[in-house]
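K.L.:
Dumping the structure here so I can ask a few things about it.
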Amino acid sequence: MDIVFIEDLRIDTVIGIYDWERRVRQTLSFDIEMAFDNTVPATSDDIADTLNYKDVSKRLIAYVGESSFGLVETLAERCAAIIREEFGVAWVRLKLSKPGAVRGAKAVGVCIERGKRPA
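In the UniProt record's numbering, the protein residues as written are 1 to 119.
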């Protein structure tokens, strides 16, 4: 199985449990891997046959930009569900990073896998 990926997609949103976090927008970073058979689009050379990473990115930018979750875990789950349900992706690995959240660390966050990774 092939992988379509989006690396370091940066989206500003309200995220966090502390009062000060509820009053500011923070930048999150998403790394996403999605299982997809690229043999059809490679043969047809037609974007309509692809898992269009621009469409996935635009959908997540709109969703995350309007969201206001307390936990990155919740946001990661919702984003993985959108990718699987709306784009027909059988397996997704999503890494959600919150840069600067912990002093001394470049970023913190979660990495989740949902669905069954095809062989």
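Each residue gets a CB set at the ideal place from its N, CA and C atoms; glycine is no exception. Note that the structure is a prediction, hence the values are computed from the model and not measured.
Per DSSP, what are the beta-bridge partners of Glu-113 in this structure?
P.N.:
BP columns for Glu-113 point to Arg-93.
K.L.:
Residue range of the alpha helix (DSSP H) that Leu-60 falls in?
P.N.:
First-last of the alpha helix (DSSP H) with Leu-60: 53-66.
K.L.:
Take the Cβ of Ser-97 as the centre, count every other Cβ of all protein chains shown within 10 Å, and call the residue buried at 16 or more, exposed below.
P.N.:
Buried, since its Cβ has 16 or more Cβ neighbours within 10 Å.
K.L.:
State the Cα-Cα distance for the pair Leu-51 and Pro-118, rounded to the nearest angstrom.
P.N.:
Looking at the two C-alpha atoms, the distance is approximately 16 angstroms.
K.L.:
For a test of the three-state rule: what should DSSP assign to Val-24, helix, strand or coil?
P.N.:
Coil at Val-24, not helix or strand.
K.L.:
Does the separation of the CB atoms of Leu-9 and Pro-99 fall below 9 angstroms?
P.N.:
No.
K.L.:
What number of angstroms, rounded off, separates the C-alpha of Val-110 from the C-alpha of Arg-25?
P.N.:
If I take the Cα positions, the gap works out to 19 angstroms.
K.L.:
On a CA-only basis, which of Phe-87, Val-102, Ile-83, Gly-88 is nearest Leu-94? Give me that one, please.
P.N.:
Out of Phe-87, Val-102, Ile-83, Gly-88, Ile-83 has the C-alpha closest to the C-alpha of Leu-94.
K.L.:
Can you list, in chain order, the residues of its chain whose CB lies under 6 angstroms from that of Asn-38, leaving out five sequence neighbours each side?
P.N.:
Within the same chain, Asn-38 has close Cβ partners Asp-2.
K.L.:
Please name the residue or residues paired with Leu-9 in a DSSP beta bridge.
P.N.:
Paired residues: Phe-30.
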